[in-house]
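Q: Under our numbering, the residue at position 25 of the sequence shown is numbered 15, and the numbers go up by one with no gaps.
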Amino acid sequence: MNGAQVLVKMLQEYQVRVIFGVPGDTSIPFYDALYDSKHIKHIMARDERSASFMADVYARLAHKPGVCECPSGAGPLYSVPGIAEANASSIPVILLTSDIPLSGEGKQTITELDCQGLFESISKWSNLIKDVKKIPETIRRAFRIATTGRPGAVHLALPQEILRGKFIEKKHYIYSEGTCISYPAYRTRGSRTVLEELVGHLAVAEKPVIIAGGGTNHSQAGKEIIELSEWLNAPVVTTISGQGIIPDEHPLALGVIGDNGFHPHAHRAVEEGDLLIYIGCKMGSVSTIKWTFPSPQYGRKIIQIDLDPELLANNFRNTLSIAGDARLVLEDLVTLLKITGQKRERLSPWVEELNNQRGIFWKEYEKRLQSHTAVIKPYQIIAAINKRLSDPTIVIADAGTPTPYITRYLKLKGNGSRFIIPRSYGGLGYAIPALVGAYFARPDACLVGLFGDGSLGMSAGEMETLARLNINAVLIHFNNASFGWIKALQAIHCNSRFFSVDFNAYDPKMVAQGFGLKALRVDNLSELEDGLAEAFRLDGSVFLDIKTESEAVDLPPVYSWEKAQGNSQGDTG
Ligand SMILES: Cc1ncc(C[n+]2csc(CCOP(=O)(O)OP(=O)(O)O)c2C)c(N)n1
């Protein structure tokens, strides 16, 4: 076997079923080896950035590492966004770059680039393989590093001599480490002593609140979160990445906290809570509104559970910090509570009151939906989408208009549905390629992507990929003819002196059709329901262009923006 064949065999050993990538001069031996693989499907993307986004979303949904590949030079440069996003969001993505020959190093070889150095600051591990015989052990290390501890991205550069070189080692060197086929691998339990301390704090807490971050979704800790909240009768709020961990209709599921698309009653719960349990939550700038929320309050206890000890007590002063996997820590906590404690049988008047507020909030929303508006508002689009959602549906959204409205108003159905959004860098152009990755992880699910026209401009080419692969997906385009989010900031902070944010008029429907999608257009509210019904009914990828109110006219639910406008809704108290 040559190195490329060994690489393919190793990927098969790790049960890799799909690789996303873009071809190049240096990828020829790897592609030739993939040609013979009956187990691995190669998905050609139109841009390495998209390929890395596809691998990222595949990993999030399949709970296995996502693998992408690119050729030397421009390929790794274009792969940066997806690798950085995956790494910062604790998603195991493995990028394989086929590189120029080692013999060409330092000789002005076209596409020569220090790929190892390029990825060092945005991955958990970046390595250049210099010996064919090291391929198996390096691949094992790559999967181990990507899936263990706090999962993240790994990059491997494979020069031509390595891909073409002869592998003369024994075949039994080619094997996988079963635990690292999925993630999180080697899950760790929390310290028993600290958990007992937590049980003591819970026994005297009057208003405990559970705050579930993205780590709870990665850990698949939904059942345990519900068990804990029901045992304590404690409300659960989530961050944007934690959404979906508890069904929205659950009496203890209050909603989303943070700056973007928050629910006022969820904020109130956290602000009034006397014991806050943050689980799998980085407590970063958005969920804590730049570390001002919750406000400092004497006697309030903060507990943080995270698999990464480096995050513990990093941004707030914790009463207790517990290092461990969310699911296992909660499993142990609930077991301990059952042995030692009394279940709180009834909802406290405080939780009843919060629920009452939640009821009023949603009634007011229903009322708002009754009024006719000249231009379609984003919240009307989400309400119409909600009616079409079945279980399981995967909803993927981009930055811009979709984020706050989805966060606030989306109602996922059932246990199999997920909502995905890249929250570490919020790079535009994620949702369209992400639909491709989602399809390979969850072919059973209905796929819905939401994005603005700014995002469309960045990843329109992947509509060809969707059409080529004949993927069933609904693509919802929020057409406000601008980089609306930035325009809104200019409205708030620059007295509407709009600068470099408006697009020329063009026809996105024709763009989508040109790439082979079915495309529909909705200009006003009376067409919205029918347009969506048709988009969900048709087979294949369907593009729905919806003319939408700009954020600059009608501010979205962003706490700091509402506050800057003096809107009392933004008040956490
Ligand atoms: C790659 C990238 N560049 C710049 C930004 C900064 N940014 C955040 S929101 C936004 C505007 C988004 O415009 P659009 O996709 O049209 O959505 P809208 O806000 O209009 O709904 C920009 C430019 C970003 N998030 N990602």
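C-beta: ideal position from N, C-alpha, C; glycine also. Quantities reported herein were computed from a predicted structural model and do not represent experimental measurements.
1) Going by Cα to Cα distance, which pick from 410, 412, 304, 244 is closest to residue 343?
2) Nearest to residue 12 by CA position, among 88, 117, 470, 284, is which residue?
3) Over the uninterrupted alpha helix (DSSP H) stretch that includes residue 175, give me the two end residues.
4) Quick one: grab the DSSP three-state call for residue 252.
5) Identify whether residue 549 lies in helix, strand or coil by the three-state DSSP scheme.
6) With a threshold of 7 Å (Cβ to nearest heavy atom), would residue 551 be considered close to ligand 1?
7) In the structure shown, what three-state DSSP assignment does residue 477 receive?
8) In whole angstroms, what is the alpha-carbon distance linking residue 499 and residue 364?
9) How big is the Cα-Cα spacing for residue 556 and residue 37?
10) Using the beta-carbon count (16 or more within 10 Å), is residue 368 buried or exposed?
11) Nearest to residue 432 by CA position, among -9, 3, 7, -8, is which residue?
12) Just checking residue 494 against ligand 1 - is the residue's beta carbon closer than 7 Å to any of the ligand's heavy atoms?
13) If residue 571 and residue 135 are in contact, beta carbons under 8 Å, what's the gap, nearest whole angstrom?
14) Hey, would you say the C-beta of residue 476 is under 7 Å away from at least one heavy atom of ligand 2?
15) Do residue 225 and residue 149 count as a contact pair if the criterion is CB distance below 8 Å?
16) Among 307, 66, 72, whose alpha-carbon lies nearest the alpha-carbon of residue 48?
17) Mind checking residue 294: buried by the 16 CB within 10 Å criterion, or exposed?
18) Does any residue of chain D bring its CB to less than 8 Å from the CB of residue 297?
19) Determine the direct distance from the alpha carbon of residue 406 to that of residue 29, and round the result to whole angstroms.
20) Note down the Cα distance separating residue 140 from residue 33, rounded to an integer number of angstroms.
21) Can you list the beta strand (DSSP E) stretches of 3 or more residues lying completely in the segment 272 to 298, in chain order?
22) Looking at the structure shown, is residue 234 part of a helix, part of a strand, or coil, going by DSSP?
23) If distances are taken between C-alpha atoms only, which option among 82, 65, 114 comes closest to residue 102?
24) Among the candidates 526, 462, 272, whose CA atom is the shortest distance from the CA of residue 302?
25) Within the continuous beta strand (DSSP E) that includes residue 59, where are the two ends?
26) For residue 388, is the beta carbon positioned less than 7 Å from some heavy atom of ligand 1?
27) Short of 8 Å in beta carbon distance, which residues of its chain neighbour residue 335, apart from the five on each side in sequence? Order them along the chain.
28) Taking the alpha-carbon positions, what's the residue 323 to residue 543 distance?
29) Could you tell me which residues DSSP puts in a beta bridge with residue 450?
30) In or out: residue 107 buried (at least 16 other Cβ within 10 Å) or exposed?
31) What is the rounded straight-line gap between the Cα of residue 460 and the Cα of residue 439?
32) Can you say whether residue 317 is buried or exposed, counting buried as having 16 or more other CB atoms within 10 angstroms of its CB?
33) Nearer than 7 Å: is that true of the beta carbon of residue 541 relative to any heavy atom of ligand 1?
34) Of all the options 186, 547, 75, which has the alpha carbon lying nearest to the alpha carbon of residue 56?
35) For residue 438, which beta-bridge partners are listed by DSSP?
36) Quick one: what's got a C-beta closer than 8 Å to residue 132's C-beta in the same chain, skipping five residues either side?
A: On the basis of the supplied data:
1) 244
2) 88
3) No alpha helix (DSSP H) holds residue 175; DSSP gives it neither H nor E.
4) coil
5) helix
6) no
7) helix
8) 21 Å
9) 43 Å
10) buried
11) 7
12) no
13) Residue 571 is absent from the structure shown; the chain starts at -9 and stops at 563.
14) In terms of ligand content, the structure shown lacks ligand 2 and carries ligand 1 instead.
15) no
16) 72
17) buried
18) The chain labelled as chain D is not found in the depicted structure, where only one protein chain is given.
19) 26 Å
20) 27 Å
21) 291 to 296
22) coil
23) 65
24) 272
25) 56 to 60
26) yes
27) 223
28) 48 Å
29) Per DSSP, none; premise fails for residue 450.
30) exposed
31) 16 Å
32) buried
33) yes
34) 75
35) 385, 464
36) 84, 115, 117, 144, 146
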